[in-house]
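Position one of the sequence shown corresponds to residue 769 (our numbering), numbered consecutively onward.
Just so it is clear, CB atoms sit at the ideal spot from N, CA and C, and this is done for glycine as well.
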Amino acid sequence: MEHVLLSVLALIIIHVVGKAIYNVTLHPLAKIRGPWLRSMFSFPGIWGKLMGRYVRDVNAIHQKYGPVVRISPDAVSFATAEAWKDIYGLQAGKLQLQKDYKRFPDRPEPIHLFGSSSEDHARIRRILNHAFSSAALREQQKIVDKHINKLVAQLSERTGEKLDINHWITMLSFDILSHLTFGESFDSVSAGKTHDFTEDFYQKMSIFPIICASREYSFTNWLMKLMLKIPFIAAAELEFFHVTKGRVDKRMSKDFPDQHDFMKYIIGANTDKGMSHNEIISITTVLMNAGSQDIAVVLSSIVFYLLKNTRCYLRASEDIAAGESNAYLMAAINEALRLRPPGAGNFQRRTGKTGHMVNGYHIPPDTSVGVNQGAEKFKDDNKAVYQPFSIGPRGCLDKALALMAANHTMTALLKNFDMELYPGMESWDENQSYDMGWGRPPLYVMLRAK
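Here it is as structure tokens:
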């Protein structure tokens, strides 16, 4: 028996070593530069994701090896404008690249917008486009401004003290999105504390990186599926679903002709050719996640970078005080997005059976490809590389909403308060974790009423 076990162990070692050598010598991606350990094995990338270092690690690889790098045996990261179009855009005569099945958890029922097929995504997207149109945004602006006014009122009572602005920004973003998604706000800002739904939501989302990492190997993927069936884990998932369903059903049972929220457009599509009830429940989770994350990240980023740069902060404040155009503030918001984009991780896609041309490289079949948004400037810097909300059919729907909310919130803050970073916050943006989104470390500031 001992000899059998040793033989099996020897075969496993030979297989692993042989596969590693093949990956860096004869593999179709061997010609693409990158760290040899990552080219040999998947575990360095998996570990980076679990530790929240994925974005920083890939960014460092780009800085060392250039705009096209191999980040795992079957994955290539790009940092070029051309790659955006090649990977995410629609090209005549070519099939749209599908989302990477290893990086996006599959949830066949109800259909999940992040992991849905191109056909299902297009159907759902056509419906949601109406909820994010220019006309809808003008009406939603009233809801956004209502919650911003509540934020200003609460912050006015806390001037002169150490304040975690990131905490308040997170509450604001969920108040806005809950109002737009469920027809009624969590009113976290008014209560001064995080709503239970928000806490449960972040707890639920925290397991996603582990699920995605487990899909790299068939054994760990099987083990993760088994773990998700453990009673207390399955019960927590089911409880969150029922809570979400309850809020959706409550909104769908009421007719608010003057309520310009997302549901106004989604409810009308609750048909066989539109969206099923389960799909609507699933989509609300996506809207809450993407919308609140985008608004919170944009706001926390612009607050930090503006306060860190005194000259820029004074210029933006003076323009707002003088009632001038907020073009400078919007430019500052765009720069903050470049430095800390909401979707900093690669929005990975999988190449099809015939491979795919990306940035002049023929990428072989079944390869993960994506654009790294965190890469710093290269010699041939091109502003077209800046796409903080991605592009193409799966680009972020809430871009205009997030920018509008950030613009209006910052305008209100600059108009009502003098702000400064609390001592020790100057390096707030360094070494932050990133899994399904940026971490939420405290961002302490001091406010003084104007």
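Around residue 1207, the same chain offers 1200 and 1201 as residues with beta carbons nearer than 6 Å, after the five sequence neighbours per side are excluded. The Cβ atoms of residue 817 and residue 977 lie closer than 8 Å to each other. Membership of residue 1180 in the alpha helix (DSSP H) is indicated by the continuous run 1167-1184. By the beta-carbon neighbour count (other beta carbons within 10 angstroms, threshold 16), residue 987 is exposed.
Between residue 1030 and residue 923, the CB-CB gap reaches or exceeds 8 Å. Two segments are said to touch when three or more pairs of C-beta atoms, one from each, lie closer than 8 Å; by this definition the region 1040-1051 does not touch the region 960-975. The residues 909, 912, 913 and 916, in chain order, have a CB closer than 8 Å to that of residue 1176 in the same chain once the five nearest residues on each side in sequence are set aside.
Comparing alpha-carbon positions, the option among 953, 1005 and 983 lying closest to residue 971 turns out to be 1005. Inter-residue distance for residue 1048 and residue 799 is about 45 Å (C-alpha atoms, whole angstroms). With 16 or more neighbouring CB atoms inside 10 Å of its own CB, residue 984 falls in the buried class. One alpha carbon belongs to residue 942, the other to residue 996, and they sit about 27 Å apart. Leaving aside the five residues that flank residue 960 on each side, the residues in its chain whose CB is nearer than 7 Å to its CB run, in chain order, 922.
Between the region 1061-1075 and the region 928-947, the count of Cβ pairs shorter than 8 Å is three or higher; the stretches touch. Nearest C-alpha to residue 1189 among 990, 956, 1084 and 1213: 1213. Between residue 1203 and residue 820, the C-beta gap is smaller than 8 Å, which places the two residues in contact.
About 5 Å separates the beta carbons of residue 945 and residue 1056, which is inside the 8 Å limit, making them a contact pair. By a beta-carbon distance limit of 8 Å, residue 1169 contacts residue 1059. Their separation comes to about 7 Å. In its chain, beyond the 5 residues on either side, 1049 have a beta carbon closer than 8 Å to the beta carbon of residue 1009.
Counting along the chain, residue 941 sits inside the alpha helix (DSSP H) bounded by residues 933-950. Looking at the DSSP output, residue 930 shares a beta bridge with no other residue. Within the region 791-834, the complete alpha helix (DSSP H) runs of at least 4 residues fall at 804-808, 811-818 and 822-833. Annotation: residue 1209 to residue 1195 spans about 12 Å, alpha carbon to alpha carbon. Cβ-Cβ distances below 8 Å link residue 1013 to 1049 in the same chain, with the five nearest sequence neighbours on each side left out; the list follows chain order. The Cβ atoms of residue 1211 and residue 1193 sit closer than 8 Å to each other. Classified as exposed, residue 815 has fewer than 16 neighbouring CB atoms from the shown chains inside 10 Å of its CB.
DSSP places residue 1074 inside the alpha helix (DSSP H), whose first and last residues are 1045-1076. Separation of the CB atoms of residue 1138 and residue 1115 is rounded to 6 Å, and the pair is thereby assigned contact status at 8 Å. For residue 849, the closest alpha carbon among the candidates 835, 1091, 843 and 840 is that of 835.
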